[in-house]
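Student: Residue numbers for the sequence shown follow our numbering, beginning at 781 and rising by one.
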Amino acid sequence: MSLIKKKTSGCSPMCKSLKWTVTVLFFLVSVAALVGVYQTHVLLSSDGARMSMQFGTTSGSLAIMAFVAAVTCWMKQMVSCMTSCEVCS
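Okay, structure coming up:
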């Protein structure tokens, strides 16, 4: 009966480590996108003492869209880490 594949519960260790590596990378991308949102919306004066907010620019809008896309991908990957995949089942 060695020809019959036994069904295992969960993913293999290699699959789990790959999933968590991708999750950490998506988290780092999300943090970088958040820093980009901050840098495009908060402007410092030349002496560094005063801050001003700037809204409505193209770069600011693109930074917000990049942040939303990065967080969405990160959350979907987190859900993928918590469930078993079709390949390992």
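All C-beta atoms in this analysis are idealised placements derived from N, C-alpha and C, irrespective of residue type, glycine included.
Which whole-angstrom value describes the C-beta separation of Leu823 and Ser832, a residue pair presumed to lie in contact below a C-beta threshold of 8 Å?
Tutor: That pair is a contact at about 5 Å.
Student: Would you kindly report the start and end of the unbroken beta strand (DSSP E) that includes Ser832?
Tutor: Here the beta strand (DSSP E) through Ser832 covers Met831 to Met833.
Student: Run through DSSP, which three-state label would Val802 get?
Tutor: In the structure shown, Val802 sits in a helix (DSSP, three-state: H, G or I).
Student: Report all residues from its chain with a CB closer than 8 Å to the CB of Phe847; omit the five preceding and five following residues, and keep chain order.
Tutor: Same-chain partners within the cutoff: Ser810, Ala813, Leu814, Gly816 and Val817.
Student: Can you tell me whether Val822 is helix, strand or coil according to DSSP?
Tutor: If DSSP states are grouped into helix, strand and coil, Val822 belongs with the strands.
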